[in-house]
Structures are given as structure tokens and as C-alpha cells.
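Read in order, the letters of the sequence shown are residues 704 to 1148 in the working numbering. Note that the Cβ used here is the ideal one computed from N, Cα and C, for glycine as well. Please read all numbers here as calculations on a predicted model, not as lab measurements.
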Amino acid sequence: MGVGHDRALKIGVVALAGLVCVTACSRPERMAEAQPVRIVAGAWSGEAESRVMYDGDRGRVSWTKTDRLAVAACEAGGRVSDGGVRWRCFLQSEAYPFDPDYLLFEGEALGTPGSRQALYAFYPYDLLTAPDEDAFRFPAGQQWVAGSFDPAAVVMCSAPVMAELPESGTLHTSAFRFRHHTGYLRLLFEGLPAEAADEQVVAVELAAAEQPVAGVYHLAIDDEAGTWSMTPGAETTDRLTVDFSAARLTVGELTECWFAMMPATYETVILTIRTASGGTLTMERGGLPIRSGVVKVQTLRFRDSDRYDPVQVMAVDAGTLTTGTVYGSGSAELDGVTLCYERLRQVPDGEETWLDLATQTGTLYNTTPVPGAIQRIEVDFATALGARYTTVTIGATPEGGTSAGGASEGVNTFEAGDAASRYFRIAHTGTLQSARIRSIRIWYR
704 MGVGHDRALK IGVVALAGLV CVTACSRPER MAEAQPVRIV AGAWSGEAES RVMYDGDRGR
764 VSWTKTDRLA VAACEAGGRV SDGGVRWRCF LQSEAYPFDP DYLLFEGEAL GTPGSRQALY
824 AFYPYDLLTA PDEDAFRFPA GQQWVAGSFD PAAVVMCSAP VMAELPESGT LHTSAFRFRH
884 HTGYLRLLFE GLPAEAADEQ VVAVELAAAE QPVAGVYHLA IDDEAGTWSM TPGAETTDRL
944 TVDFSAARLT VGELTECWFA MMPATYETVI LTIRTASGGT LTMERGGLPI RSGVVKVQTL
1004 RFRDSDRYDP VQVMAVDAGT LTTGTVYGSG SAELDGVTLC YERLRQVPDG EETWLDLATQ
1064 TGTLYNTTPV PGAIQRIEVD FATALGARYT TVTIGATPEG GTSAGGASEG VNTFEAGDAA
1124 SRYFRIAHTG TLQSARIRSI RIWYR
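Shown next, in the form of C-alpha cells:
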């Protein structure tokens, strides 16, 4: 589903959409023995009652070409199923042109022709775990959208619609009325540290201190009351992450972040801004109420008690590690870290001097821990062959960790697999060619 301002009238991004009306449209009846009963339902986004006020701007729901609805049915107070199927997928009708303000959806009815049912619609169908399960998976990963929440994380449900299933042909109903179940958080950032201003933002993370914010939620319909309930299941997480890779914003340019959230009062919330270098800005706050269909606007000013943890870089190259031009073994101190090497030398190449790990046995490693947790190691190889036969191991102890091989000439990046990693080992095992290295960068914090 898309969202847009009244000024645009069509597809765009809206601050918040309230109600959506869905009515049935007639269609020529089909033979009962040839076709099951079907429903063709029209959906409007531009009616006055579907609009809400937000910060002085009026917005409306607008459909997109990929939107699908899920429809359930209740009969005599109980759920209707067909061979275990409890939800029908309603696709956009191909018989009518696409219009973001008005669409037709169609799908097969559940239950026995001639029965009287209460119909319930859920949006979006794509979040359901399976058509035979009353559960959906609320996304822990959301995408940055300029000026709005991620429309792919919107959850809406309808009030019941009473319907008499015909013996064949098309079902005619009154309007479905959708309401947002999700609420929305709009964070406004102020006073972020100037020393982080040039760092590129890659993600903003919200952690709710062990309260579920995403994952599998169970759906229940109380047909007598005509209401829905959605409760967290066992497969949940307490973290939401908005991916900012498409935004291309620095910390200095970051003014806001939107989250779509399940309604609840979150007692403690930890917000983390993550940067491309691996640095973090962390802010902890208490008492965040999120209500269905409401945008919670919260100003977040960076306090003295908040943390900025930049990434430090240890640079290792021929200028910082003097080994001589003959393969040898030894040790050196760099930034308070003891580095040991075996079968390593310096090799002049024009105006540059490179490190050179000998075939099979060339190794560089540390015996005292790096001052902070290693985030990643970047090794700039002079040749692809040298890279492919060099393994980099990063771990919490000198004896083990996560290992990966190089791939190509140039900078190869090796990520730490353990948040407590303080040790590394770079070992060359090739037999045909030594590994010539322009530089090594160890990123830690």
C-alpha cells in the first residue's frame, strides 16, 4: 500500500491513513457446477472518511499494484475453513484498470454456498504465515521512506460484513471498513554529536528491552463482538531496524526516523544509530506508548548520558611494521598491541613498500588483545592469487574464531563473527606465490 498527500492526489507517501472502504461490485453469475462462488470487492482510497489529520496535512490511502487482501469468514460464531484453509487471498482484478484511488479485488469465497457469514478482511495478505494459520509475521526489518513509515509494515483489519453466499456467481456485500492496527513512531533528532556529523547512517535500531516488537503474532477474531486481537507468539524479537542504505544521509543530515510498530506501551526503549564505519550513537529512554492508527511524534535530543562510540582504526603496513627485506620472525608493539609475525618481509615496489607473507607459512597475529572489540579487518592485496590463499581469522581468543579467505586483488573485508573479538590471525597457505599486502586496517571500538 502506498500513501500520499492530497496535493498529489495519486501515489506518494502519506503521514497516516485511517479508514478504507471496500464494497462489492456486480458481475455476471457463473454456473454453480462450473465455478465456485467468488467475491469481487471495490476499494476506494479517496473518500472523505478515509482521511485523517496529521500535522496540518491531510492524507489518504492509495493502493499499489502489488497489494493483496486476506479474507476470513465466520458462521454461527465459528471460523469457516475449507480443507484447513482459513484465509482467502484476494488479488486485484485484471478486468479493470489500475487506479490508486479505486481498485477491485476478487477471490473465492470460503464455506458452503447459501450460508450466511460474517466476512473479515486483513491487510496485507503477504504477512500471513500461511493460509491455514491464524498468524502473521510483523517485519523486524523496515525500509527508510522519505517523510513516512515503511508502507510494507502497515497492518490493517476490517470491521465485519454480513453476507449471504449465493448458490453461484458473485457475492454482493456492503462496505468493508479497514482501520490501522499498527501505530507509528516519528523520531525527531536534535543535538547529535558534531564529531559524528560526517559519518554515513546505515541503520537506526529500536530495542524494546525484551518486549516483543516484531515476529510472529497470533490473530483471533471474536465474531460475537466483531473485533480482532493480535498477541505475540513464541517467535518474536525485541528489535526493529530501519535500513537507511537508500537514504544516503550522514549523521549531520539525519533529522528524523519513522517506525511502524505494534500497539503497546514500551517501558524502556534503546535507540541506536549505526554508521557505515561501524560506529554507534546510543540513546536510552523510558515510557513509549504506541496506539493503533496514531503517529507518536517524539523529539530525541542527544544528552550527556547518551553514548557515541566511534570506530578506531589500527593501521598495519610497511611503514608501521619494520621487518626487513629478508623473511624473518619477530614481534612489534603498535598502539599498545603486541604483534607477532612469522616469515614476513618488506618488498619495495617503485615508490611504495609492501608487506610480503611467504608461501605456506607467512603469518601475522596479535598476542595481546586489541583495545576494543574488532568490527572488521580490511586487507589490501596486491594480487588476486595472494588473496585467494590467505585466511583471516578473528576471534575472542588467540586460539580460534571465525575464518574466511580472501577473494580478489584490492581491499578484501573480513567481518568479525563474535562481538567480543579481540584477536586476529592472517595466514598465507599458497604454494605458488607469496601474498603481497599494501596495507591492513583493523577496525575496533
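Where residue i sits in the DSSP three-state scheme
i	result
L1042	strand
R1091	helix
S1137	coil
L830	helix
C724	With a pLDDT of only 45 at C724, under 50, the local geometry of the prediction cannot be trusted, and the value read off the model is given with reservation. Residue state, collapsed to three classes: strand.
A855	helix
V954	helix
A775	strand
A1149	Absent from the structure is residue 1149, since the part of the chain shown begins at 704 and ends at 1148.
W961	strand
S1142	strand
V848	strand
Q914	coil
D1012	strand
A812	coil
R782	strand
Q795	strand
Distance between beta carbons of residue j and residue i, contact taken as under 8 Å
i	j	result
V740	A821	Contact doesn't hold; Cβ gap of about 16 Å is too wide.
T1066	R1128	7 Å
G1027	Y1044	Contact flag wrong, Cβ pair sits at about 11 Å.
S995	G886	5 Å
F852	Y920	Contact doesn't hold; Cβ gap of about 18 Å is too wide.
W766	P803	5 Å
A899	L984	6 Å
Y1147	Q1049	Not really, about 25 Å apart at Cβ, beyond 8 Å.
R878	G929	The amino acid at residue 878 is misidentified as Arg; the sequence shows Ala. Contact flag wrong, Cβ pair sits at about 14 Å.
R1091	E1118	The Cβ separation is near 18 Å, so there is no contact.
V774	G817	With a Cβ gap of about 18 Å, V774 and G817 do not count as contacting.
CA nearest to the CA of residue i, picked from the options
i	options	result
F892	T873, M965, T1002, D785	T1002
L1135	Y799, T1100, Q1063	Q1063
G1103	T1093, R1091, D1121, A979	D1121
E1054	C960, T939, G1022, D1007	G1022
R882	G844, Q914, D837, A824	A824
T1093	A1099, P1101, T1100, D1083	D1083
Q903	F947, T940, G1027	F947
Y1126	G1113, M965, P1074	P1074
W931	G1113, R782, W1057, Y887	R782
P1101	E870, G894, A1123	A1123
Y969	T983, P915, T978, F1005	P915
I993	H884, P834, S871	H884
G844	E778, A878, A928, T940	T940
T934	T876, F841, A1018	F841
R1006	R1091, P854, G894, D1038	G894
P854	W961, A775, D835	W961
A1087	R1139, R1004, T1105, T1116	R1139
A949	V848, E938, L874, E959	V848
L1047	E1036, L1037, T1041, D1059	D1059
E836	G1089, G787, R889	G787
Cβ-based burial, residue i [other Cβ within 10 Å; buried from 16]
i	result
D925	exposed
G780	exposed
T815	exposed
V858	buried
S980	buried
G1109	buried
V1029	exposed
M964	buried
G989	exposed
L1149	As shown, the chain starts at 704 and ends at 1148. That puts residue 1149 outside it, with no answer to give.
M865	exposed
P1072	buried
D770	buried
P1051	exposed
A910	buried
G1039	exposed
V1019	buried
A1130	buried
V972	buried
Beta bridge counterpart(s) of residue i as assigned by DSSP
i	result
P1051	T1056
K999	L888
S861	F881
S932	A923
V907	V945, I976
P992	T968
E867	R819
A1018	R1144
E1081	T1116, R1144
Y1068	C1043, R1128
L984	I976, Y1011
C-beta neighbour in chain C for residue i, strict 8 Å
i	result
Y1030	Here chain C cannot be found, since the structure has a single protein chain.
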